[in-house]
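Each residue of the sequence shown is one higher than the one before, starting from 1 at the first, in UniProt numbering. Glycine included, every Cβ here is placed at the ideal spot set by N, Cα and C. None of these values were measured; they are calculated from a predicted model.
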Amino acid sequence: MSATILDGRALSAEIRGELRTEVARFREQQGYPPGLVIVRVGGDAASGVYTKAILRIAGEIGVQARLEELPALTSADELRALLLQLNGDQRTHGIIVQMPLPAHLSQKMVADTVAPAKDIDGISPGSAGNLFLGLPSFLPSTAAAVVEILDRHRIPLAGKRVVILGRSNVVGKPLALMLLQRNATVSVCHSRTRDLTALTRQADVLIAAVGRPRLVTAEMVRPGAVVIDVGINALPEGGIVGDVDFEAVREVAAAITPTPGGVGPLTNVMLLKQCVRAAWLASGLAEEAPDLSIPQF
Numbered sequence: 001m002s003a004t005i006l007d008g009r010a011l012s013a014e015i016r017g018e019l020r021t022e023v024a025r026f027r028e029q030q031g032y033p034p035g036l037v038i039v040r041v042g043g044d045a046a047s048g049v050y051t052k053a054i055l056r057i058a059g060e061i062g063v064q065a066r067l068e069e070l071p072a073l074t075s076a077d078e079l080r081a082l083l084l085q086l087n088g089d090q091r092t093h094g095i096i097v098q099m100p101l102p103a104h105l106s107q108k109m110v111a112d113t114v115a116p117a118k119d120i121d122g123i124s125p126g127s128a129g130n131l132f133l134g135l136p137s138f139l140p141s142t143a144a145a146v147v148e149i150l151d152r153h154r155i156p157l158a159g160k161r162v163v164i165l166g167r168s169n170v171v172g173k174p175l176a177l178m179l180l181q182r183n184a185t186v187s188v189c190h191s192r193t194r195d196l197t198a199l200t201r202q203a204d205v206l207i208a209a210v211g212r213p214r215l216v217t218a219e220m221v222r223p224g225a226v227v228i229d230v231g232i233n234a235l236p237e238g239g240i241v242g243d244v245d246f247e248a249v250r251e252v253a254a255a256i257t258p259t260p261g262g263v264g265p266l267t268n269v270m271l272l273k274q275c276v277r278a279a280w281l282a283s284g285l286a287e288e289a290p291d292l293s294i295p296q297f
């Protein structure tokens, strides 16, 4: 038995089409498009690639996006001043600050400064607190992408055992909270977890987000499980692989995301989906905003 491939590229194209329609409707009602500003400090090559991808998708769906590129020696006060200016700009609905920042700048300062209503990547304490309390919140985009895949493929969560490998602030922790809200039974594993294979083999849904190439082997997966691979790892000899041994695990799992082409293509799309939602909320038409909740199946 070979697993069903959960194709992130096809799903990304489907959602981009939906957002294109949504943005056109917003523009028709409001007279201007949703606005996104990406702030980038310094010249990190990886973040530059990420920025170009967001700008490309934004242009494709009609979101007015621009890049504010600052020199690496920008002071904390200068960065804070720009963020406060963007907070007050009524045509800016979403703000993203690209990571990593130069060493002298604090990610905490950024998280504390970006207005929660424009925090479309869910990094602010307010967004995290709302998620913890089960209140409407903007979500970290990679975690949101994982749940979107489960939702779109109508994979049951209520009453299911979910095991997450990784406890980062941008994937593992928020994802655990999101799945708890869907009535899943969630275990979060990390580098100190004992008997890892015994835990992973209990999972109805296994999510790997640790950044270790091919960590998850076929022996770690219960036959018939759903496997979501968040990892993106560059190999020394060239090529990209996930945290899951894809070729081996696909023969055991019922469904699996590939790397590349699984979770990754949805991450930027979820950012823009949340930007469109932020625009509707800012316009006072919350009932028009795209629903980011995940139905229970």
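contact_flag[the stretch 203-213, the stretch 232-242] where n(CB pairs < 8 Å) is 3 or more: yes
Going by other Cβ atoms of all chains shown within 10 Å of its Cβ, with 16 needed for buried, is T142 buried or exposed? Under a 10 Å Cβ-count criterion, T142 is classified as buried, with 16 or more other Cβ atoms of the shown protein chains found around its own Cβ.
On the criterion of 16 or more Cβ atoms from any shown chain inside 10 Å, does E148 qualify as buried, or is it exposed? buried
Any contact of the stretch 102-113 with the stretch 121-132, i.e. 3+ C-beta pairs under 8 Å? yes
On the three-state DSSP scale, how would you describe D77? helix
How close, in whole Å, do the beta carbons of L131 and P174 come, if the pair is a contact with beta carbons under 8 Å? 6 Å
Pick helix, strand or coil for S2, following the three-state DSSP scheme. coil
Hey, L271 and I96: beta-carbon distance below 8 Å or not? yes
Check S127 in the structure and name its three-state DSSP category. Residue state, collapsed to three classes: helix.
Tell me which residue opens and which closes the alpha helix (DSSP H) that E69 is part of. No alpha helix (DSSP H) contains E69, which is instead part of the beta strand (DSSP E) from Q64 to L70.
With DSSP as the reference, label A111 as helix, strand or coil. helix
I256 - DSSP class collapsed to helix/strand/coil: DSSP places I256 in strand when its eight states are reduced to three.
On the three-state DSSP scale, how would you describe T185? strand
Any idea which residues DSSP pairs L165 with across the strands? C189 and A208
In whole angstroms, what separates the C-alpha of L6 from that of P33? 32 Å
I155 and V252: beta carbons closer than 8 Å? Going by beta carbons, I155 and V252 fall outside the 8 Å limit.
Across which residues does DSSP place V49 in a beta bridge pair? According to DSSP, V49 bridges with nothing at all.
For A279, count neighbouring C-beta atoms within 10 Å of its own C-beta (all shown protein chains included) and say buried if the count is 16 or more, exposed if not. buried
Taking its Cβ as the centre, do 16 or more other Cβ atoms sit within 10 Å of A183, making it buried, or is it exposed? Residue identity differs from the one stated: residue 183 is Asn in this sequence, not Ala. It counts as exposed.
Would you mind sorting Q98 into buried or exposed? The rule is 16 or more other CB atoms within 10 Å of its CB. buried
Can you give the Cα-Cα distance for T259 and R9, rounded to whole angstroms? 11 Å
Per DSSP, which residues does R40 bridge with? Please list them. E69
DSSP on G242, reduced to helix/strand/coil? coil
Quick one: complete alpha helix (DSSP H) runs, 4+ long, within the stretch 2-36? 8-30
Where do the ends of the alpha helix (DSSP H) carrying G264 lie? G264 to A282
Nearest-angstrom Cβ-Cβ length linking N268 and A53, presumed shorter than 8 Å: 5 Å
From R27 to L82, what does the alpha carbon distance come to, in whole angstroms? Cα to Cα, R27 sits roughly 26 Å from L82.
Per DSSP, the bridge partner or partners of N233: V241
Quick check: the Cα distance between L101 and R152, rounded to an integer number of angstroms? A straight line joining the alpha-carbon of L101 with that of R152 spans about 34 Å.
With DSSP run on the structure shown, which of helix, strand or coil describes L285? coil
Nearest-angstrom Cα distance between T4 and E247? Cα-Cα distance, rounded: 12 Å.
Would you kindly check if the distance between the Cβ of L70 and the Cβ of V41 is under 8 Å? yes
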